Each structure stands twice: as structure tokens, then as C-alpha cells.
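Okay, structure first, notes after.
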Amino acid sequence: MLKPQNIHNFTMHLHQLLIYLLPFIPLALTSTAPPLPDGASVLPRQRGLVCRDDTFSDILPASAHIVTIARVANGSSYGESPAQNPAYPVHPTNLPELCALTVNVTTSPTSSFRFGLFLPTKWEYRFLVVGNGGFAGGINWLDMGGGVRYGFAVMSTDTGHNSTSGDVRWALGQKEKQKDFGWRAMHQAIEMSKMLVYTYYSQAPRKSYYSGCSTGGRQGLKEVQVDATSFDGLLVGAPAWWSTNLATWTTKVYTLNSAKGGGGRYLSAKEMLFLGQEVMRQCDGIDGVVDGIISASERCRFDFGETLCGNRDVGADKEACLTSEQVATAKAIYADYVVNGKFLFPGLSLGSEDLWSVLLGQAGPDPRGQEYVKMFLLNNATWDWREYNDSIPIMAAAANPGDLTADQFDISDFRDRGGKIIMYHGDADALIPVKSSDYYYNETAAAMGGISSLELWFRYFHVPGLGHCTGTRVNAPWYFAGGNQAASLGTATYSVPGFEDAQHDALLALVDWVERGKQADSLIATTWNTPSNPRSGVLRQRPLCPYPKSQALRSGGEEKDLKEWTCV
Ligand SMILES: *[C@@H]1O[C@H](CO)[C@@H](O)[C@H](O)[C@H]1NC(C)=O
Ligand SMILES: *[C@@H]1O[C@H](CO)[C@@H](O)[C@H](O)[C@H]1NC(C)=O
Ligand SMILES: *[C@@H]1O[C@H](CO)[C@@H](O)[C@H](O)[C@H]1NC(C)=O
Ligand SMILES: *[C@@H]1O[C@H](CO)[C@@H](O)[C@H](O)[C@H]1NC(C)=O
Ligand SMILES: *[C@@H]1O[C@H](CO)[C@@H](O)[C@H](O)[C@H]1NC(C)=O
Ligand SMILES: *[C@@H]1O[C@H](CO)[C@@H](O)[C@H](O)[C@H]1NC(C)=O
């Protein structure tokens with residue numbers, strides 16, 4: 001896996017820089033900064049924050065240079081033109097006053113990456129890194145905007161290429177670019193950003209945080225494994241951590257449902273929705289309330305027999321039931337992917353059917369699966385997914401091109417220096433199975449002393465009814481200011497609108513855990529009458545339960561009453 005020498009050169013360089021700077025660095029980097037006074041989260045405004053090239057130019061190594069630097073006035077927006085940044089074209093608006101930098105860093109003769117940094121005038125002495133999604137290459141200005149509203153300095157990297165989430169052509173034959181995407185851009189951007197933050201404020205960040213979902217989740221877990229000192233706390237959503245196996249499973253699972261027009265195995269989009277309704281009917285009540293939200297799919301004993309056409313009176317609607325061949329397809333989609341007795345990847349969960357058509361109902365496998373096989377693994381842009389075979393995930397795991405996977409489960413170095421992780425995954429996610437996060441948590445527990453000792457520093461929450469990172473199809477409480485969530489409500493969102501506190505906001509819960517030792521035992525998720533519009537009024541709030549527990553309503557309890565929900 002990751003070889004120490006990979007990061008050696010750059011780290012060496014930073015060490016030299018630090019030695020050079022040491023005489024000029026007051027207390028901040030050599031001792032711990034004093035804690036904030038009780039009740040005060042903002043210290044008096046810093047003086048002399050000079051948002052100009054020459055403030056920073058001599059601090060950067062020769063491989064890096066500032067591309068743009070701009071003072072952003074309170075209330076205005078910032079970003080790049082959509083043509084310049086196709087992956088993240090939307091600008092955050094109504095920003096607090098800040099200094100915005102873009103830095104370009106060369107990593108090899110054939111690769112370079114950029115990162116963006118927001119340095120707010122009113123700084124809370126914290127540093128936050130936000131992640132990317134899919135294979136998107138671009139600075140994620142919108143999520144940076146969400147972060148800077150907390151008063152944190154915020155960084156995002158383009159990971160070394162320029163493309164949208166499903167466009168992987170940049171990786172073909174480009175080992176160095178693959179490595180930048182895997183971990184190198186993130187790692188170097190963090191180290192340089194910490195120096196820039198220090199230079200600007202004359203003080204190192206007191207604590208460093210991470211928030212990201214999907215690929216963003218992977219990037220956070222990966223960085224912990226590359227360098228245990230990068231972060232004090234991470235908020236990790238639906239991580240794509242097992243990249244080799246996730247991408248190949250994504251291709252495989254499509255082939256299970258690809259017999260369109262022949263064989264009778266194929267599930268149409270409408271049949272997937274029918275299956276979802278039937279799952280809802282059978283599994284919804286297990287948590288004590290029939291509310292259209294499945295909270296404990298693993299406890300549902302789903303009877304496929306009840307979906308069979310022979311057992312239903314469906315009249316003329318041939319898509320309101322399944323044939324036995326279609327049931328076999330569905331069972332294969334839910335099943336673990338196992339080859340020669342070797343577990344390769346978990347299947348999708350009951351309750352995710354509403355979103356199946358993204359992976360299973362298109363003209364070919366999702367690009368984030370098949371393009372990975374072509375561009376990263378086989379180095380063959382004309383490879384045809386119809387030639388998929390079960391040796392491919394084995395090849396992928398052995399080669400691990402770009403070193404994307406975050407599977408070094410023993411992160412005791414991180415734990416031992418007080419690091420904390422809050423991880424979450426939507427139960428209705430049909431892009432990355434929730435069970436892949438279960439597996440990550442289980443493996444980490446196995447490597448580090450069991451689940452009960454994990455709970456002291458690493459909490460994992462299932463989110464009933466949440467799809468992939470954002471949104472719900474079933475009016476489930478899905479929002480807690482996780483990675484990408486604020487951006488999905490609008491361009492100026494801060495925290496959980498109306499509930500800007502550590503009970504409802506997972507990032508604030510993480511800060512409380514890291515800085516005040518307040519363990520994140522539960523989180524309250526929120527949704528609104530229109531799930532993506534807080535102005536439509538709160539529809540529901542519910543506590544999320546730390547894995548392996550799940551939500552249940554006390555017998556006779558009122559659904560709206562938070563106190564009536566327990567974790568079982
Ligand atoms: C920015 O403007 C808002 C009002 O629009 C004001 O409440 C806030 O204090 C200002 N912040 C800074 C850092 O000037
Ligand atoms: C990203 O690619 C687009 C073309 O898709 C190009 O117009 C733009 O200049 C590129 N951005 C950067 C930062 O290189
Ligand atoms: C970043 O620097 C590299 C050279 O190291 C150059 O090829 C690339 O075009 C630069 N990118 C931007 C957006 O300035
Ligand atoms: C690339 O894939 C195509 C189609 O699957 C195949 O015919 C061809 O032989 C492959 N090329 C190489 C170099 O393996
Ligand atoms: C599986 O596919 C890969 C890529 O096309 C090929 O190299 C390999 O020989 C195939 N293996 C089997 C057992 O068919
Ligand atoms: C994780 O561990 C739990 C408890 O041992 C077990 O029930 C579950 O099946 C495991 N899940 C995965 C995906 O490994």
C-alpha cells in the first residue's frame with residue numbers, strides 16, 4: 001500500500017521550511033494554544049491580515065505558486081466560471097469577509113493540482129477541509145462556502161485534474177494523476193494550507209477538521225491513513241473507501257440486470273419501484289411505526305413470494321409484480337458479491353429500491369464503475385463492459401491503481417493523539433451500499449479492540465431514508481449538515497437552518513467532541529415539508545442511532561415526540 005517514501009520528499013521539504021521558520025514562530029506551533037474561554041467561541045479580531053501575494057509567496061515551496069488571490073467583501077460570492085470549473089460551477093453566495101486563494105502545485109513532470117483556500121477575517125482558529133464527489137476534479141467552492149460560515153479557514157483541492165464526476169478520461173495512462181487523485185493532492189494541499197493559515201493569522205489553526213461525503217468520505221479516511229496528524233476530527237459520509245471493489249461491483253451489479261429485451265430477468269424502472277413499495281409494506285413497521293421510513297432493514301425478513309405475479313391480482317398492470325426470474329435478479333442485487341468463497345463487496349439493502357435506476361436502469365454501467373475499469377485498471381479506453389468477468393475485481397485489488405483505497409483499518413496513531421470520527425451512511429443509498437460502511441466499521445473494530453472501545457472515538461450512524469449523501473424520497477429526516485448537505489439546500493446555507501447547535505449539526509457535534517470531550521452519542525436529523533427547503537417548515541426530526549443500534553418508537557409513542565424514540 002502507501003509507501004512512506006511516497007510522501008517523504010514533500011514532508012522533508014516542509015520540515016526544512018519549519019526549521020527555517022522556527023525562530024519566527026511564537027508559541028503557536030511549539031505548544032498547544034490555550035482553550036477558548038467558556039462561552040466565547042470567537043476571540044477578538046486579528047489585526048493585519050494582509051490578503052496579498054507577497055504575504056504568502058516566500059512560504060510556498062518551489063513546486064507551488066499562487067494563481068489568484070482576492071479579498072472577498074462581506075455578503076458577496078466567489079468561485080470560478082462554469083467553463084473554468086465544470087465539476088463545481090455553482091458559487092457560494094453571501095460569504096463572510098474573507099481572503100480567497102488558488103494555489104497551483106506541481107507534483108511530477110506530468111501532474112499538478114490546485115487547491116482553493118478561504119481565510120475568513122473573523123476566524124475561529126480552526127481549519128476545515130472539504131472533499132469532492134465521484135471522479136470530479138475541481139475546487140469545491142460551494143462546500144467551502146458552507147464551511148467558512150462557521151468561521152473556519154477552509155480548503156478544497158481539485159485532486160489534480162479537471163472533469164465532472166463521471167468523466168474519467170483524464171486518468172488513462174496517467175499514473176501520476178491517478179496518484180494525485182488517490183491521496184497526494186489532498187495530503188500536500190493540507191500541509192501547505194496549514195502553512196498559509198499560519199502565515200496569514202500569525203497563528204496555527206488550533207484544531208483541524210474534515211468533512212466530505214462519497215469520494216469525499218474516502219478522501220478523509222485515506223488522509224488519516226496517510227498522516228495521522230492531519231486532522232483532529234472527521235465527519236465522513238457514505239465513503240467510497242473500497243475503491244477497487246466498489247468500482248468493479250458497480251460494473252458487476254449492472255450486468256445482473258442487463259438482459260433488457262430478452263431472458264425475462266430484467267427489472268424495469270417501474271418494477272424496481274414496485275419492489276420498493278412491497279419492501280416498504282413488509283419492512284416499514286419493524287421500528288414501531290408505519291410512516292414510510294424503514295429504520296432497520298437488516299431485521300426485515302422480506303418474503304419475495306409476495307411479489308410473484310402468480311400470488312397477486314395485478315389486472316392489466318404487468319409491472320406490478322415480478323416473475324420468478326426477476327426475483328432471482330433482485331436477490332442477486334441484494335446479495336454480497338462473492339467469488340470462489342471470497343467476499344468482494346456487499347449488495348444493496350432493502351429500502352434502497354427507489355434509487356436503483358441510477359446504477360441499474362441506464363444504457364450501461366455507471367461511468368464511475370466501468371470508466372474506472374477502463375482508465376485506471378485496464379488502461380484500455382475501448383474495453384467493453386460486456387466483457388466483464390469476476391477476475392477483474394481481483395486484478396483491481398492487487399493493482400490498486402492510484403492507491404485510492406482506504407483500507408488500513410488500524411489507525412491507532414490517530415486515535416492515540418485524540419482523533420475523533422463521526423461517520424454516517426444513508427440506509428436508502430443505492431450508489432454505495434450502506435453495508436460497505438458497516439464493513440468498514442466492523443473491520444476497524446476488529447483491528448482496534450472491538451466495537452465498544454471504538455465508540456470512545458469513532459461513532460457511526462445509519463440514516464434511515466437518506467439516499468446518497470443528500471436528500472430523501474420518503475420524507476425521512478436526512479439533514480444534519482453533513483458533507484455536501486448545506487450546498488443541496490442553497491448557495492448561502494449555514495449549519496442546520498433554525499437548529500444551529502451540536503445536537504442537530506454533525507460538524508458542531510464533532511467540534512464539541514474534539515474540543516470539549518463531549519461524546520457524540522446521538523444526532524438529531526431534520527427534514528422539512530419540502531425536503532430541500534427549510535422555509536417550508538420542519539416536517540420531522542428524529543434521533544439517529546449509533547451503529548449497530550437502530551431507531552425504534554416506544555410502543556404507543558407519538559412519532560413527533562423525540563423522547564419517544566430509542567436506540568435498540
Ligand atoms: C457581514 O454583514 C452582516 C450583515 O449583512 C453583519 O451582520 C456581519 O457582522 C458582517 N460580518 C463582517 C465580518 O463584517
Ligand atoms: C477545465 O476544463 C475546461 C474544459 O472542459 C476548460 O475550459 C477550463 O479552462 C479548465 N480549467 C482549468 C482550471 O484548467
Ligand atoms: C499549474 O502548473 C502546471 C505546471 O506545473 C501547469 O502545467 C498548469 O497549466 C498550471 N495550471 C494552472 C491552472 O495554472
Ligand atoms: C481493449 O478492449 C477491447 C474491447 O474490449 C479489446 O478488443 C482489445 O483487445 C483491448 N485492448 C488491449 C490492448 O487489451
Ligand atoms: C477478464 O477480463 C480481463 C480484461 O478484459 C482479461 O484480461 C482477463 O483475461 C479475463 N479473465 C478471464 C478469466 O476471462
Ligand atoms: C458487521 O458486524 C455485525 C455484528 O457482528 C454483523 O451483524 C454484520 O453482518 C457485519 N456487517 C458486515 C457488512 O460485515
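With the UniProt record's numbering applied, the sequence shown covers 1 to 568. From the three backbone atoms N, C-alpha and C, an ideal C-beta is built for every residue, glycine too. Computed from a predicted structure; not experimentally measured.
Query                                                                                                                                        : Result
Just the C-alpha distance for valine 154 and threonine 491, rounded to the nearest angstrom, thanks.                                         : 16 angstroms
Among Arg386, Lys420, Ala330 and Phe345, which residue has its Cα nearest to the Cα of aspartate 336?                                        : Phe345
By the 10 Å Cβ neighbour count, where 16 or more other Cβ atoms means buried, how is phenylalanine 343 classified, buried or exposed?        : exposed
According to DSSP, which residues form a beta bridge with lysine 342?                                                                        : Val339
Taking buried to mean at least 16 other C-beta atoms within 10 Å of its own C-beta, is lysine 194 buried or exposed?                         : buried
How is histidine 187 classed by DSSP in three states: helix, strand or coil?                                                                 : helix
Run through the DSSP bridge pairs and tell me what glycine 426 is partnered with.                                                            : Val463
Kindly indicate the opening and closing residues of the beta strand (DSSP E) around tryptophan 170.                                          : No beta strand (DSSP E) contains tryptophan 170, which DSSP labels as neither H nor E.
Give a yes or no on whether the C-beta atoms belonging to lysine 374 and alanine 381 are separated by under 8 angstroms.                     : yes
Rounding to the nearest angstrom, what Cα-Cα distance links asparagine 529 and glutamate 278 in this structure?                              : 25 angstroms
Is it buried or exposed for glutamine 84, if we count other Cβ within 10 angstroms and need 16 for buried?                                   : exposed
Please report the residue range of the alpha helix (DSSP H) in which leucine 553 lies.                                                       : Not the alpha helix (DSSP H): leucine 553 falls in the beta strand (DSSP E), residues 551–553.
Given that a residue counts as buried once 16 or more other Cβ atoms are within 10 Å of its Cβ, and exposed if not, what is lysine 207?      : buried
Does at least one heavy atom of ligand 6 sit under 7 angstroms from the Cβ of asparagine 442?                                                : yes
Which same chain residues, not among the five before or five after valine 224, have their C-beta less than 6 angstroms away from its C-beta? : Ile411 and Phe414
DSSP on alanine 136, reduced to helix/strand/coil?                                                                                           : coil
Can you look up tryptophan 123 in the DSSP assignment and give me helix, strand or coil?                                                     : coil
Rounding to the nearest angstrom, what Cα-Cα distance links valine 103 and arginine 71 in this structure?                                    : 15 angstroms
Can you tell me which of the three DSSP states residue 575 falls into?                                                                       : In the structure as shown, the chain begins at 1 and stops at 568. Residue 575 is therefore absent and cannot be evaluated.
Buried or exposed: where does lysine 252 fall if 16 or more other Cβ atoms within 10 Å of its Cβ makes it buried?                            : buried
Mind listing, in chain order, the continuous alpha helix (DSSP H) runs of no fewer than 4 residues lying wholly within the segment 194–232?  : 215–226
First and last residue of the beta strand (DSSP E) that includes glutamine 541?                                                              : 533–544
For a quick check, are the C-beta atoms of proline 239 and leucine 221 less than 8 angstroms apart?                                          : yes
Under the rule that 16 or more other beta-carbon atoms within 10 Å means buried, what is aspartate 180, buried or exposed?                   : buried
Is asparagine 311 buried or exposed, if buried means 16 or more other CB atoms sit within 10 Å of its CB?                                    : exposed
Using 7 angstroms as the cut-off, classify the Cβ of serine 391 as near or not near the heavy atoms of ligand 5, replying yes or no.         : yes
Do the CB positions of proline 401 and glycine 471 come within less than 8 angstroms of each other?                                          : no
On the three-state DSSP scale, how would you describe residue 569?                                                                           : With the chain running from 1 to 568 in the structure shown, residue 569 is simply not present.
Using only CA atoms, which one of Ala397, Gly347 and Gly137 lies nearest to alanine 185?                                                     : Gly137
Buried or exposed: where does glutamine 551 fall if 16 or more other Cβ atoms within 10 Å of its Cβ makes it buried?                         : buried
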